[in-house]
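Peer 1:
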Amino acid sequence: MTILATLVLPLTLLIWLVYRGWPILLVAPLTALLAAGLATDPLLATLTQRFMPAAGGFVIAFMPLFVLGAVFGKVMEATGAAATLAQWIVTRLGSGRALLAVVLSCAVLTYGGVSLFVVAFAVYPLATALFRQANMSERLIPAAIALGSFTFTMSALPGSPAIQNAIPMPYFGTTAFAAPGLGVIAGTIMALGGLTYLSTMARRPGFAVPVAALGARTQPDGGRPTLWVAILPIFTVFAANWILSRHLLPGLDLGYLAAPEWGGVTPDQVIGMWALIGALSLAIVMLLALTWHRLDAPRAALSDGSQAALLPLFNTAALVGFGSVVAGLPAFAALSAAITDMPGGVLPSLAASASLLAGLTGSASGGMSIALDTLGPSYLQAAQAQGVDPAALHRIVALATGGLDALPHNGAVVTLLGIAKLTHREAYGPIFVVAVAIPVVALLATLAVATFLGTF
């Protein structure tokens, strides 16, 4: 009863209110305080010592990516570069392949190491132009971006640079390429299942609506940039991120970061962020230099882009604060222990615990970290005793956290809807299918394969 009252009730209320369109900036702290009150924790201390540090920490860590990603996306739209790319893709693939084009664009960028938040901002104007060409509803754009950004490239495909694919490595002694066969099976189910579903939905009443009917954005006058001008900035993000993160920044003397005045961190903790900041900054400068003459109001484009980043940033930060408060409650610790001690084989137990914890926190990495911090060594010992390859543990836990994490209170979901200026009621249904339901099916199928055929 304590767990039901202090965890399930606030979480259910949060999801219901968010889905009904209530402002997240108010709902997240209020439901966090409700959880604290039900647990008899001090309310003001919960707000200032738990909620705000977690929310503020997210803003500190990710504000540059949100702002730069939003500015990049806005300039791509305002200069007509996104429209040029959309026209080229439609010419090559046909107007009926808009969904495939958006999913593949997101998949290539995220598999190349670009943050899903950056991808969402950068691809959205391209997706809007593609959907306009295909006469499809804007309500499916968030689901298409979700499918390409945080499903199969995040948790399934071997070698993915996503944090969800990196967290299990120190616990199980594995690499990012753990259980590649299982990963490919799961990724194929997610990709094909998601594309089939979205293609079916696009033909249904309520979704087969032109983007123009939902407030399509106007295109810039004076003609569009050439194809190479439109492609070069996106390629720059990918290439510069790879060069900075793999070669240039690791070769610098960054020992000074260990000093307290610089945070006492290691280079590995900041190089990934620095690389993305540098790559996006370079791409924006390049895009502006190549298309400056096409911008009637450059300052307005930069201002609109930076302003567009703020609401998704702070909405996501508020949900991170909620997750931090919930994770600090005694009832959460008790539930975590109960989940991770579930009977059964090591793979089903690990999958269930990681999945449920990810759903409670609204975070794949958060749920995975809690599960592995608590019983990671125990899972490894049990796997060795049962003859289960640690690579299977790695792949299963990554897949498990990539399902229930995408419930309505997930930060990436809220960011996507904020970028698209759509509500949960308008656009969350398709996101749920491609980012929750189908990944859960993929997890169950992969569990069955791993159980009967082993790891490969």
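At position 400 of the sequence shown (counting the first as 1) the number is 562 in the working numbering, and the numbers step up by one without a gap. Ideal Cβ positions, reconstructed from N, Cα and C, are used throughout, including at glycine. Remember, predicted model here, so these are calculated numbers, not experimental data.
Which residues in the same chain as alanine 560 place their Cβ atom closer than 7 Å to its Cβ, once the five residues preceding and following it in sequence are excluded?
Peer 2: Indexing the sequence shown from 1 puts residue 560 at position 398. Once the five neighbours on either side are set aside, the close Cβ partners of alanine 560 are Ser317, Gln326, Asn327 and Pro330.
Peer 1: Is there contact between the segment 402–413 and the segment 428–440, where contact requires at least three CB pairs shorter than 8 Å?
Peer 2: yes
Peer 1: Kindly indicate which three-state DSSP category histidine 455 falls into: helix, strand or coil?
Peer 2: Counting from 1 along the sequence shown, the entry for residue 455 is found at position 293. In this structure, DSSP gives histidine 455 a helical state, which the three-state scheme calls helix.
Peer 1: Is the beta carbon of alanine 471 less than 8 Å from the beta carbon of alanine 441?
Peer 2: Taking the sequence shown and counting its residues from 1, the one referred to as residue 471 is at position 309. Taking the sequence shown and counting its residues from 1, the one referred to as residue 441 is at position 279. In this structure, alanine 441 does not lie closer than 8 Å to alanine 471 by Cβ.
Peer 1: Checking 8 Å against the spacing of the C-beta atoms, do arginine 456 and glycine 235 come in under that value?
Peer 2: On the sequence shown, position 294 is the one that residue 456 refers to. On the sequence shown, position 73 is the one that residue 235 refers to. Against a cut-off of 8 Å, the Cβ pair of glycine 235 and arginine 456 comes out as no contact.
Peer 1: Alpha helix (DSSP H) containing histidine 556: first to last residue?
Peer 2: Here residue 556 refers to the residue found at position 394 of the sequence shown. Per DSSP, the continuous alpha helix (DSSP H) segment holding histidine 556 begins and ends at 552–562.
Peer 1: Once you ignore the five residues that flank leucine 196 on each side, which residues in its own chain have a CB closer than 8 Å to its CB?
Peer 2: Along the sequence shown, read from residue 1 onward, the residue named residue 196 stands at position 34. Here the set comprises Leu171, Pro172 and Leu175.
Peer 1: Along the chain, where does the alpha helix (DSSP H) containing tryptophan 404 start, and where does it finish?
Peer 2: Numbered from its first residue, the sequence shown carries residue 404 at position 242. Residues 389–405.
Peer 1: Assign valine 595 to one of three DSSP states: helix, strand, or coil.
Peer 2: Within the sequence shown, the letter at position 433 stands for residue 595. Helix at valine 595.
Peer 1: Count the CB pairs spanning the segment 250–270 and the segment 542–562 that are closer than 8 Å, and state whether there are at least three.
Peer 2: Contact between the segment 250–270 and the segment 542–562 is absent, because fewer than three Cβ pairs lie under 8 Å.
Peer 1: Buried or exposed for valine 180, going by 16 or more other Cβ atoms inside 10 Å?
Peer 2: As a first step, residue 180 must be located in the sequence shown, where it is residue number 18. In this structure valine 180 is buried. Its beta-carbon is surrounded by 16 or more other beta-carbon atoms within 10 angstroms.
Peer 1: Answer with buried or exposed for leucine 354, where buried requires no fewer than 16 other C-beta atoms within 10 angstroms of its C-beta.
Peer 2: The residue you call residue 354 lines up with position 192 of the sequence shown. It counts as exposed.
Peer 1: Using 8 Å as the threshold, is the C-beta distance between methionine 363 and leucine 302 below it?
Peer 2: Start at 1 with the first residue of the sequence shown, and residue 363 comes out as number 201. Start at 1 with the first residue of the sequence shown, and residue 302 comes out as number 140. In this structure, leucine 302 lies closer than 8 Å to methionine 363 by Cβ.
Peer 1: Exposed or buried, threonine 210, counting other C-beta atoms within 10 Å across all chains shown (16 or more means buried)?
Peer 2: Here residue 210 is taken as the residue at index 48 of the sequence shown, counted from 1. By the 10 Å Cβ count, threonine 210 comes out exposed.
Peer 1: Using 8 Å as the threshold, is the segment 537–545 in touch with the segment 505–516, meaning 3 or more CB pairs across them?
Peer 2: yes
Peer 1: What is the DSSP secondary structure of asparagine 477, reduced to helix, strand or coil?
Peer 2: Numbered from 1 along the sequence shown, position 315 holds the residue referred to as residue 477. Helix, per DSSP.
Peer 1: From the beta carbon of aspartate 458, is the nearest beta carbon of chain C less than 8 Å away?
Peer 2: Absence of chain C from the displayed structure is noted, only one protein chain being present.
Peer 1: Over what stretch of residues does the alpha helix (DSSP H) that includes isoleucine 177 continue unbroken?
Peer 2: Locating residue 177 in the sequence shown gives position 15, counting from the first residue. Unbroken alpha helix (DSSP H) run through isoleucine 177: 171–181.
Peer 1: So the alpha helix (DSSP H) leucine 278 belongs to, where does it begin and stop?
Peer 2: What you label residue 278 is simply residue 116 of the sequence shown in a count that begins at 1. Looking at the DSSP string, the run of the alpha helix (DSSP H) that includes leucine 278 is 278–296.
Peer 1: Quick one: what's got a C-beta closer than 6 Å to alanine 232's C-beta in the same chain, skipping five residues either side?
Peer 2: As a first step, residue 232 must be located in the sequence shown, where it is residue number 70. Excluding sequence neighbours, alanine 232 sits near Phe283, Gly467, Ala470 and Ala471.
Peer 1: How is glycine 580 classed by DSSP in three states: helix, strand or coil?
Peer 2: The count along the sequence shown starts at 1 and reaches residue 580 at position 418. Glycine 580 falls in the helix class under three-state DSSP.
Peer 1: What does a CB cutoff of less than 8 Å around leucine 481 pick up in its chain, not counting 5 residues either side in sequence?
Peer 2: Taking the sequence shown and counting its residues from 1, the one referred to as residue 481 is at position 319. Taken in chain order, the residues that qualify are Ile186, Ala190, Gly524, His571, Asn572, Gly573 and Val576.
Peer 1: Taking the Cβ atom as the reference point for each residue, do glycine 507 and aspartate 567 lie within a distance shorter than 8 Å?
Peer 2: The count along the sequence shown starts at 1 and reaches residue 507 at position 345. The count along the sequence shown starts at 1 and reaches residue 567 at position 405. Result no, Cβ atoms of glycine 507 and aspartate 567 do not sit closer than 8 Å.
Peer 1: Buried or exposed for valine 252, please, with buried defined as at least 16 other CB atoms from any protein chain shown within 10 angstroms of its CB.
Peer 2: The residue given as residue 252 occupies position 90 in the sequence shown. By the 10 Å Cβ count, valine 252 comes out buried.
Peer 1: Take tyrosine 418 and list the residues in its own chain whose beta-carbon comes closer than 8 Å to its own, dropping the five residues that flank it on each side.
Peer 2: If you number the sequence shown from 1, residue 418 lands on position 256. Once the five neighbours on either side are set aside, the close Cβ partners of tyrosine 418 are Trp424.
Peer 1: So the alpha helix (DSSP H) tryptophan 250 belongs to, where does it begin and stop?
Peer 2: Sequence index remark: in the sequence shown, residue 250 carries index 88 (1-based). Segment 243–255, the alpha helix (DSSP H) holding tryptophan 250.
Peer 1: Which residues in the same chain have their Cβ closer than 7 Å to the Cβ of glycine 356, if we skip the five residues on either side of it in sequence?
Peer 2: To locate residue 356, count along the sequence shown from 1; it is residue 194. Closer than 7 Å at Cβ, skipping near neighbours: Leu309, Thr313, Val596 and Ile600.
Peer 1: Taking Cβ to Cβ, would you say threonine 315 is nearer than 8 Å to tyrosine 273?
Peer 2: Here residue 315 is taken as the residue at index 153 of the sequence shown, counted from 1. Here residue 273 is taken as the residue at index 111 of the sequence shown, counted from 1. Yes. Within cutoff.
Peer 1: Please name the residue, chosen from Gly219, Thr290, Ser277 and Met214, that lies closest to leucine 246 on a Cα-to-Cα basis.
Peer 2: For the purposes of this step, residue 246 is identified with residue 84 of the sequence shown, where counting begins at 1. Before going on, a small fix: residue 246 reads as threonine here, not leucine. Of Gly219, Thr290, Ser277 and Met214, the residue nearest in Cα terms is Thr290.
Peer 1: Is the distance from the Cβ of leucine 288 to the Cβ of alanine 493 below 8 Å?
Peer 2: Residue mapping note: residue 288 aligns to position 126 of the sequence shown, counting from 1. Residue mapping note: residue 493 aligns to position 331 of the sequence shown, counting from 1. Not closer than 8 Å, so no.
Peer 1: Who are the near neighbours of leucine 278 in its chain, counting only those whose CB is closer than 7 Å to its CB and skipping five residues on each side?
Peer 2: Taking the first residue of the sequence shown as 1, we reach residue 278 at position 116. So the list reads Thr272, Ser311, Phe312 and Ala574, once near-sequence residues are dropped.
Peer 1: Measuring alpha carbon to alpha carbon, tell me which of Leu584, Arg212, Ala248 and Leu255 ends up nearest proline 474.
Peer 2: Here residue 474 is taken as the residue at index 312 of the sequence shown, counted from 1. Proline 474 has its Cα closest to that of Leu584, out of Leu584, Arg212, Ala248 and Leu255.
Peer 1: Under a three-way DSSP split, which group does tryptophan 424 fall into?
Peer 2: As a first step, residue 424 must be located in the sequence shown, where it is residue number 262. In this structure, tryptophan 424 counts as helix in the three-state DSSP scheme.
Peer 1: Hey, leucine 555 and phenylalanine 334 are a contact pair by Cβ (cut 8 Å); roughly how many whole angstroms apart?
Peer 2: As a working note, residue 555 is residue 393 in the sequence shown. As a working note, residue 334 is residue 172 in the sequence shown. That belief holds up - the Cβ atoms of leucine 555 and phenylalanine 334 are roughly 5 Å apart, short of 8 Å.
Peer 1: Quick check: what's the CA-CA separation for tyrosine 359 versus proline 422?
Peer 2: Start at 1 with the first residue of the sequence shown, and residue 359 comes out as number 197. Start at 1 with the first residue of the sequence shown, and residue 422 comes out as number 260. Looking at the two C-alpha atoms, the distance is approximately 51 Å.
Peer 1: By the DSSP assignment, the alpha helix (DSSP H) with glutamate 239 in it spans what residues?
Peer 2: Mapped onto the sequence shown, residue 239 falls at position 77. From DSSP, the alpha helix (DSSP H) with glutamate 239 extends over 214–240.
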